Amino acid sequence: MLKRKIILLLIFLCGLWLPLPLTAQESLKVFTGAEIITATGENYHDGILIIRNGVIESVGDRSQINIPSGAEVIDVTGNIIMPGLVDPHSHIGGGDGGDRSASLHPDVRILDSIDPRSDTIRRALSGGVTTANVMPGSGLLMSGQTVYIKLKPANTIEEMLVYSDEANEIYGGLKMANGTNPIGQSPAPGTRARSAAMVRNLFIQAQEYQQQIIDAEGNEDEMPSRNLQMETLVEVLEGKRLVHNHTHRHDDILTAIRLADEFGYRMVLHHVTEAWKVADEIAQSGYPASIIVLDSPGGKLEAEYLYFKTGRVLEEAGVDFGYHTDDSVTDSRLFLRSGAFGIREGMSREKAIESLTIANARMMDLDDRIGSLENGKDADFIILSGEPFSVYTKVLQTWIDGEKVWDRDKPEDRKYATGGYNVIQRASFGHHDYLNRGGN
Amino acid sequence: MRVLKILFLTCFILSLFNTRADAQIAVIGETVYTMAGEPISNGVVLISNGLIEQVGTTDNIQIPDEYEVFRSEIVTPGLIDSRSVVGLAGILNQEHDQDQVEMSDAFQPELRAIDAYNAREDLVKFILRKGITTVHTGHGPGALVSGQTMIVKTAGNTLEESLVDSTMAIAITLGAGIRGDYSTPGTRAKSVAMFRQHLIDGREYAENRNSDNPPSRNLQKEVIADLLEGKISALVHVQRAQDIMTAIRLQTEFGFPMMLEGAAEAYLVMDEIKEASVPVIIHPTMVRTWGETQNASFETAAKLKEEGIPVIFQSGYEGYVPKTRVALFEAAIAVANGFEFMDALRALTIDAAYQFGIDDRVGSLEIGKDADLVLFNGDPFEYTTRAQAVIVDGEVVFELNSF
Chain A
739 MLKRKIILLL
749 IFLCGLWLPL
759 PLTAQESLKV
769 FTGAEIITAT
779 GENYHDGILI
789 IRNGVIESVG
799 DRSQINIPSG
809 AEVIDVTGNI
819 IMPGLVDPHS
829 HIGGGDGGDR
839 SASLHPDVRI
849 LDSIDPRSDT
859 IRRALSGGVT
869 TANVMPGSGL
879 LMSGQTVYIK
889 LKPANTIEEM
899 LVYSDEANEI
909 YGGLKMANGT
919 NPIGQSPAPG
929 TRARSAAMVR
939 NLFIQAQEYQ
949 QQIIDAEGNE
959 DEMPSRNLQM
969 ETLVEVLEGK
979 RLVHNHTHRH
989 DDILTAIRLA
999 DEFGYRMVLH
1009 HVTEAWKVAD
1019 EIAQSGYPAS
1029 IIVLDSPGGK
1039 LEAEYLYFKT
1049 GRVLEEAGVD
1059 FGYHTDDSVT
1069 DSRLFLRSGA
1079 FGIREGMSRE
1089 KAIESLTIAN
1099 ARMMDLDDRI
1109 GSLENGKDAD
1119 FIILSGEPFS
1129 VYTKVLQTWI
1139 DGEKVWDRDK
1149 PEDRKYATGG
1159 YNVIQRASFG
1169 HHDYLNRGGN
Chain B
952 MRVLKILFLT
962 CFILSLFNTR
972 ADAQIAVIGE
982 TVYTMAGEPI
992 SNGVVLISNG
1002 LIEQVGTTDN
1012 IQIPDEYEVF
1022 RSEIVTPGLI
1032 DSRSVVGLAG
1042 ILNQEHDQDQ
1052 VEMSDAFQPE
1062 LRAIDAYNAR
1072 EDLVKFILRK
1082 GITTVHTGHG
1092 PGALVSGQTM
1102 IVKTAGNTLE
1112 ESLVDSTMAI
1122 AITLGAGIRG
1132 DYSTPGTRAK
1142 SVAMFRQHLI
1152 DGREYAENRN
1162 SDNPPSRNLQ
1172 KEVIADLLEG
1182 KISALVHVQR
1192 AQDIMTAIRL
1202 QTEFGFPMML
1212 EGAAEAYLVM
1222 DEIKEASVPV
1232 IIHPTMVRTW
1242 GETQNASFET
1252 AAKLKEEGIP
1262 VIFQSGYEGY
1272 VPKTRVALFE
1282 AAIAVANGFE
1292 FMDALRALTI
1302 DAAYQFGIDD
1312 RVGSLEIGKD
1322 ADLVLFNGDP
1332 FEYTTRAQAV
1342 IVDGEVVFEL
1352 NSF
């Protein structure tokens, strides 16, 4: 009797589990009728997008591609399909970072503080964001490790992680900041020069730690004792983990470049308010730049010269650049708007597409998997009602790994796009209540 | 005789400096939104002496040779930002350029906006370049009564050059928007009790000042008396539904003219707002959704409008970045979320002018009105459209280099 119950229970459990992998395995979807913007420079006016098991099988013009038999055909005539938006700088998910006990926290992981059920993540989906670099704030010189996540519904943050380096278990970068934000009362630095000295001191320690590891030549007894801070910085020094460096003023941008050059780490410049003043220097340095667009200049001393023209100037200078939301500083629902404001001041439309997708994937070492619609890449894409850079255009659907994760036609999804009563319940932070969260 | 000569020479030299203000301008637009009747295709607006001289089409208006001609795709009246703090709040966001809220006391209706306005402030010139020619600015939300507001043109280098109406309203905040660092009020109920007592005292003052034995002057009570006599308005910053109802309750009790400002949860109490027949200066559409505005929606403006409630747009107040918003950009997001295109243009021009009682001067392109125009290179609400030129009082105060 008991045995039979167990068997029944097993059958029941199997019933719960089996359909998921099966449907995922069998999935074959074909999208027809849309204009497809691939973000590789190639656009298809009457495009076909074929998704098998969450991966792009092929993309091209209707005349070039045969629709495989047995596929689910989804007619999206009149709409535009483009890659899911990649936000290289976001604070969704209500996470935090290092605290006031020190200014340098390379050991701290935002992974350990994010709420995967946060409404702010759902809301970002409604704006077409499929992957984000979620970071601790800018109130510290090093506020901690960031996470690269796909915004698909999940119970745990682990399910959302996107690895930039699977072998070395890297799924994020290291947040750093210079300029006024990390300056304050001790133990924070009091000046810009002190800020740079503190960062350099720590990297020198990390170089020594790295040398001890090299000298050990794999001999366990010779290895230095484990140090979480040093381990992370060695990943940075080895180029496995990118530095995401908050920086606004032209001289602070150059300081960030100076330090990265000195220690040889790979870095993305973030915010870059005054990049238009030092565009050639940035181009020469080779570091990519991630721009924030705000509706007006000002609000803090370093944002006094924030202009919409930065995208155009960086395009002309040949810098690899993109945009970010810095959500909640700007709203993920309006991420496309940032690219549009670049176009407004003379940036090319092609660059605007790249600056919200593939350029940002490059800044997270994820361009082999996401950021453009190409064969073999993850099927992360959005369906738009029209021209991406028109105010009137709506994100209709957001797809991640070949699954529809947001649909404007569903009221329970649509509410995240519009807002309303009790829609956002798990947005715990404002910009002022805790400096180490968020940050522009 | 010599004195006359000098006088003549002086007049002559002065007139040289004065030529721009007297400039005669013809603006030709593929579409001219006059906001007084249907849009005009191939429209012409003639400007002389700072005022609109003629409005018509290229067919029926002969442009005199001496007029400087400007062309663009879309022409609208100068836009009106219905609630801002620019000029009191400055771009740097440092103590020395933030005059929008006095922290010594939570009730200071006697503070005049005109005594704190910096006409040369970068934020003022920034919104000017976006097409905002008139702004309702002054003391901000954050105190029970933070002070007065006023109407100015965004052009001009002094308050006196810019001023349209020195005393538009007193800025009231109800709800949790009152800053926590005042010794009192510390709660919603206390705020209202304090305000009611001030209104009762003000009513007594109003009666006495009209009597044979007037009391000695009291700046604070004078302002409250003016409010109760309907000479100025109550600009009530409220977001939560219960605070909107409190504002309506106070207005019903004391009968002052009122405008609701913010009103993030207005969609919950639309019948009540309509019944009270008060206009709503809707919160910036893109306001961040936490705290008092947690429940804000992109669709509120459209819902209120559909219900027949007058809605106008604001740039609002920001404590951090961006230091100001742009009322045009906020209206654009409302338009993308159900607010009709023409309704939004009206809200940014003639409707706002009407609500502030300045529609005899601004808000539409009609003969005799101030020559405030914006020349756009496309749909004014599109992200990629720019104001190519802005004209205030007949003077071209902004021109894109490439234009």
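Top line first, the protein sequences correspond to chains A and B.
Heads up, the working numbering is the position in the first sequence plus 738, with the first residue counted as 1.
Heads up, the working numbering is the position in the second sequence plus 951, with the first residue counted as 1.
All C-beta atoms in this analysis are idealised placements derived from N, C-alpha and C, irrespective of residue type, glycine included.
Predicted model only: the values in this text are computed from it and were never measured.
Between which two residues does the alpha helix (DSSP H) carrying residue i extend?
i	result
Y886 of chain A	Element bounds for Y886 of chain A: not the alpha helix (DSSP H) but the beta strand (DSSP E), 885–888.
M1101 of chain A	No alpha helix (DSSP H) contains M1101 of chain A, which DSSP labels as neither H nor E.
L1150 of chain B	1139–1160
Y1305 of chain B	1301–1306
D1116 of chain A	Neither: D1116 of chain A is in no alpha helix (DSSP H) and is coded neither H nor E.
L1296 of chain B	1292–1298
I1091 of chain A	1087–1092
R1082 of chain A	1073–1082
Our contact map puts residue i next to residue j with C-beta atoms below 8 Å; I'd like the distance itself, whole angstroms only.
i	j	result
T985 of chain A	N916 of chain A	5 Å
A1106 of chain B	D1344 of chain B	7 Å
L975 of chain A	L842 of chain A	L975 of chain A to L842 of chain A, Cβ: 15 Å. No contact.
G910 of chain A	Y886 of chain A	6 Å
G835 of chain A	G882 of chain A	4 Å
E1291 of chain B	R1034 of chain B	Not confirmed; about 21 Å, so no contact.
G1060 of chain A	S1034 of chain A	22 Å between Cβ atoms; not a contact.
G1049 of chain A	A1021 of chain A	Wrong, their Cβ atoms sit about 14 Å apart, outside the cutoff.
D853 of chain A	G831 of chain A	6 Å
G1124 of chain A	P821 of chain A	At roughly 17 Å, the Cβ-Cβ gap does not stay under 8 Å, so G1124 of chain A and P821 of chain A are not in contact.
Please go through the same chain and pick out, in chain order, the residues whose beta-carbon is closer than 6 Å to the beta-carbon of residue i, but skip the five residues on each side of it.
i	result
E1257 of chain B	none
D694 of chain A	As displayed, chain A neither begins before 739 nor continues past 1178, which places residue 694 of chain A out of reach and without an answer.
P1230 of chain B	M1210, P1261, Q1306
G771 of chain A	D813, V814, T815
N993 of chain B	T1008, T1009
S851 of chain A	G833, D834
Provide the residue span of the beta strand (DSSP E) that contains residue i, from first to last.
i	result
A1122 of chain B	1114–1124
T1156 of chain A	Element bounds for T1156 of chain A: not the beta strand (DSSP E) but the alpha helix (DSSP H), 1149–1156.
D1032 of chain B	1030–1032
M914 of chain A	912–915
K1225 of chain B	Here K1225 of chain B belongs to no beta strand (DSSP E); instead the alpha helix (DSSP H) covers 1221–1226.
A1340 of chain B	1338–1343
Ignore the nearest five residues each way along the sequence and tell me which others in residue i's own chain have a CB closer than 8 Å to its CB.
i	result
F1349 of chain B	L1079, R1080, A1338, A1340, V1341
S1113 of chain B	Y1068, A1070, V1103, K1104, T1105, A1106, G1107
A1287 of chain B	F1249, F1332
E1180 of chain B	A1157
V1323 of chain B	Here residue 1323 of chain B is Asp; the residue named in the question, Val, does not match the sequence. Excluding positions up to five away in sequence, the list reads P1028, G1029, T1084, T1085, K1104, V1313, I1342, V1343, D1344.
D1002 of chain A	Note that residue 1002 of chain A corresponds to Gly in the displayed sequence, not to Asp. For G1002 of chain A, where only same-chain residues beyond five positions count, the Cβ hits under 8 Å are L975, G977.
P757 of chain A	With a pLDDT of only 36 at P757 of chain A, under 50, the local geometry of the prediction cannot be trusted, and no value is derived from it.
I1096 of chain A	A777, T778, P821, V824, D1105, G1109, S1110
Between which residues of its own chain and residue i is the CB-CB distance below 7 Å, once the five residues before and five after are set aside?
i	result
K1141 of chain B	T1135
T1300 of chain B	M986, T1027, P1028, L1030, I1031, G1314, S1315
A1117 of chain A	I789, G792, V793, I794, W1137, D1139, G1140
E1017 of chain B	Q975
P891 of chain A	V1143
R861 of chain A	S1070, R1071, Y1154, I1162
G1126 of chain B	R1139, V1189, Q1190, R1191, D1194, E1243
D1302 of chain B	P1261, I1263
Y1043 of chain A	T1011, E1012, P1035
| query | What residue ranges within the region 954–983 of chain A form continuous alpha helix (DSSP H) runs of no fewer than 4 residues, ordered along the chain? | reply | 966–975
| said: For the pair the region 977–985 of chain B and the region 1016–1024 of chain B, tell me if three or more CB-CB distances fall below 8 Å. | reply: yes
| task | Quick one: which unbroken alpha helix (DSSP H) runs of 4-plus residues sit fully inside the region 1239–1282 of chain B? Chain order, please. | result | 1251–1257
| field | Contiguous alpha helix (DSSP H) assignments of at least 4 residues, all confined to the region 841–897 of chain A | value | 857–864
| query | Does the count of Cβ pairs from the region 764–784 of chain A and the region 1087–1106 of chain A closer than 8 Å reach three? | reply | yes
| request: Pair every Cβ in the region 1265–1282 of chain B with every Cβ in the region 1228–1243 of chain B, then say whether three or more of these pairs are closer than 8 Å. | output: yes
| message | If we require 4 or more residues per run, which alpha helix (DSSP H) segments fall completely within the region 1169–1216 of chain B? | response | 1170–1179, 1192–1205
| said: With a threshold of 8 Å, are at least 3 pairs of Cβ atoms found where one atom belongs to the region 1009–1021 of chain A and the other to the region 935–953 of chain A? | reply: no
| message | Pairs of beta-carbons, one from the region 1041–1051 of chain B and one from the region 1157–1167 of chain B, closer than 8 Å: are there three or more? | response | no
| request: Run through the region 1042–1100 of chain B for me and flag every whole beta strand (DSSP E) of 3 or more residues, listed as ranges in chain order. | output: 1083–1089
| request: Report the residue ranges of all beta strand (DSSP E) runs contained in full by the region 996–1057 of chain A; include only those spanning at least 3 residues, in chain order. | output: 1005–1009, 1027–1030
| query | Between the region 954–974 of chain A and the region 1013–1024 of chain A, are three or more C-beta pairs nearer than 8 Å? | reply | no
| query | Are the region 1064–1083 of chain A and the region 1039–1054 of chain A in contact at 8 Å, needing three or more beta carbon pairs? | reply | yes
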